[in-house]
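Note that the protein sequences, when read in sequence, are chains W and S.
Note that the numbering used here has the first sequence beginning at 1, numbered continuously upward.
Note that the numbering used here has the second sequence beginning at 1001, numbered continuously upward.
From the three backbone atoms N, C-alpha and C, an ideal C-beta is built for every residue, glycine too.
Shown next, in structure tokens, is the structure this report addresses.
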Amino acid sequence: MTSSTRNLIQRLGFGMMTLMAVATVVPIIGTVVYIFAQGSPALSWEFLSGFPREGMRAGGILPAIVGTFYLTVGVAVFSVPLGVAAAIYLAEYAPDNKWTRLIRIAIINLAGIPSVVYGLFGLGLFVIFLKFGASILAASLTLSIMTLPVIISASEEALRAVPQAFRTVSISVGATRWQTIRRIVLKEALPGILTGVILGLERAAGETAPILFTGAAFFLPRLPHSPFDATMALPYHLFVISTQIPEMPIQIQYGTALVLLIFVLGMNLTATIIRSRARAKRQW
Amino acid sequence: MNKIVIENLSLQYSDGTESLRSVSMGIPANQITVLFGPAGGGKSTLLRCLNRLNDLTEVRASTGKILIDGVNILDPKTDVIALRRRVGMVFARPVVLPMSIRGNLTYGLELAGETRRARLDEAVERSLRLAAIWDEVNDRLDDPAIALSGGQQQRVCLARVLALQPEIVLLDEPTSGLDPISTGKVEAALQELKKDYTIVLVPHSVQQAARTADHAAFFLQGELVEFRAGQDIFTNPRDKRTEDYVTGRFG
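Written as structure tokens, this is what we have:
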């Protein structure tokens, strides 16, 4: 084989790899551009701040936006303290024994459960057994269980990334383990934890199946008043207007999709900014 | 007068690697005692017993006593937090906490409940002067400590220990990563410090051991081979193994 043939093969190989790398970018850019192009004409103040009218074929999507916001806040309230506490336990306190290994296996498997199964579980536990009814409370709790593994894994990873030497030094000057965690470890892990939390919440905000039986309403003429009310939500609303309503104007569907996309990408962007700022400031 | 008395101290780690075998010695107050010997000899393990930092490691078994001012600190009832404030430690790698220079120095004091600004400021200046770094950093105490050079960081670490006004200062190869000039500054600071503190130093070389020691102990594979006052151990070792090590036949 001559050196020029070798060179050609090498360049072909690298060319293929570049092409593959570029290929992964195409779907995301394609989706975003397409949804923006199709959905942006529908965006207006009325669309964002008004109620659906004429069998949802006109008007706005305010109840769905507000509902998704409430659900996301609800998930944050339940899953962040629980998830971060669990991560602190696993990263800082848990001995390596059969119980903690079982906990880890449980978390991994929790992440693998299909979202519709969470929905059924939430229906059984929160809606029926605990009598919360189809409500923001039940839906938030259901989404929280689904979000927990993401928050726990990301937080544990962030905690473990904090150098061990900081802990040793802190303890050597008379800190307790908890003081060390609170004053040094958590502070340093916070950006990583926040990033994980936001990515978890973002996933919860975009899910349909877990809220399907637990709190999502087909249509409500008013905003929810309490955590025990059912609510409209963007992903479910999108599903409804795309499949359940005949002669639905296409720009309302794309407009709704665009609002959901902005909501989720906005959270993603926040997480990215937090992460890169923290990296620039990091002192280790 | 012995500040620390170690009686028949034996220790095994869970993985069986490094251990101490029935070590007995007295560490005199207001002197520099060096523990030297090849790696794996148990020097660091012994240091970490003196402030119970070994509690963080998985130890399979330990027996014996360590008396500080006559009180056995290996007793399970010992208040380890109070102990660690009395027995400070400087590590081989300079590890400044991710905060300002001032923050590094006040950290331990704040944990101990000191909130008075004047007291904290006084401790910062005093300890930085003792560690021979005040002149280099007094105009930037609120800058991140990580921005300092390695040699400066290590002296900040020494100052962090001194800020707590301990009785005993343990140093585990504190100059192993430093240049000769920084090393000289740290060694000079130790000579000053011994007036008020009991110092136990694991040096990073036999030469440093000989330069700094008031008393020297030679450790080999968990065993205290020879422990002598002054320079005798380097010039006139009694044990063949000590002689072979200090003359460079092995190690």
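Item, Value
"Neighbouring residues, chain S, relative to phenylalanine 263 of chain W (Cβ below 8 Å)", "Per Cβ cutoff of 8 Å: no residues; phenylalanine 263 of chain W is ~34 Å from chain S at best."
"Serine 1019 of chain S - DSSP class collapsed to helix/strand/coil", "strand"
"Sheet register partners of glutamate 157 of chain W (DSSP bridge)", "Glutamate 157 of chain W is not bridged to any residue."
"Limits of the alpha helix (DSSP H) - the one that methionine 989 of chain S falls within", "The question about residue 989 of chain S has no answer, for chain S in this structure spans 1001 to 1251."
"Classification of threonine 147 of chain W by the beta-carbon crowding that lies within 10 angstroms, buried from 16 upward", "buried"
"Beta-carbon contacts of arginine 282 of chain W that lie in its chain and below 6 Å, excluding the five residues immediately before and after", "none"
"Leucine 234 of chain W vs threonine 31 of chain W beta-carbon contact at 8 Å", "no"
"Neighbourhood of isoleucine 250 of chain W by C-beta, 8 Å cutoff - its chain only, sequence neighbours within 5 removed", "Gln38"
"Residue closest to proline 1038 of chain S, alpha-carbon to alpha-carbon, out of S:Arg1238, S:Asp1232, S:Ala1209", "S:Ala1209"
"Proximal residues to arginine 53 of chain W (C-beta, below 6 Å), its chain only, five neighbours per side dropped", "Gly59"
"Interface flag, alanine 209 of chain W vs chain S, CB-CB below 8 Å", "no"
"Range of the contiguous beta strand (DSSP E) that encloses threonine 1002 of chain S", "For the sequence presented, residue 1002 of chain S should be read as asparagine rather than threonine. Counting along the chain, the beta strand (DSSP E) containing asparagine 1002 of chain S begins and ends at 1002-1013."
"Three-pair Cβ contact test at 8 Å for the stretch 1017-1037 of chain S versus the stretch 204-223 of chain W", "no"
"8 Å Cβ cutoff, tryptophan 99 of chain W in contact with chain S", "no"
"Test item: CB-CB of proline 163 of chain W and tryptophan 284 of chain W under 8 Å", "yes"
"Beta-carbon neighbours of isoleucine 171 of chain W, restricted to chain S and to distances below 8 Å", "Leu1053, Leu1056, Arg1084"
"Strand pairing of threonine 168 of chain W, partner residues [DSSP]", "In the DSSP output, where bridge partners are listed per residue, threonine 168 of chain W has none listed."
"Neighbouring residues, chain S, relative to isoleucine 184 of chain W (Cβ below 9 Å)", "Leu1097, Pro1098, Met1099, Tyr1107"
"Valine 1105 of chain S and alanine 1163 of chain S closer than 8 Å at C-beta", "A small correction: the amino acid at residue 1105 of chain S is leucine; valine does not occupy that position in the sequence shown. Yes, the pair counts as a contact, with Cβ atoms nearer than the cut-off."
"Proximity test, Cβ basis, 8 Å: leucine 1164 of chain S and chain W", "yes"
"Glutamate 1243 of chain S - DSSP class collapsed to helix/strand/coil", "helix"
"Continuous alpha helix (DSSP H) assignments of at least 4 residues falling wholly in the stretch 13-82 of chain W", "45-49"
"Own chain, CB closer than 6 Å to isoleucine 1168 of chain S, minus 5 neighbours either side, in chain order", "Val1087, Thr1198"
"Reference leucine 1171 of chain S; option with closest CA among S:Cys1157, S:Gly1113, S:Pro1180, S:Arg1060", "S:Cys1157"
"Proximity of glycine 74 of chain W and phenylalanine 213 of chain W at Cβ, strictly below 8 Å", "no"
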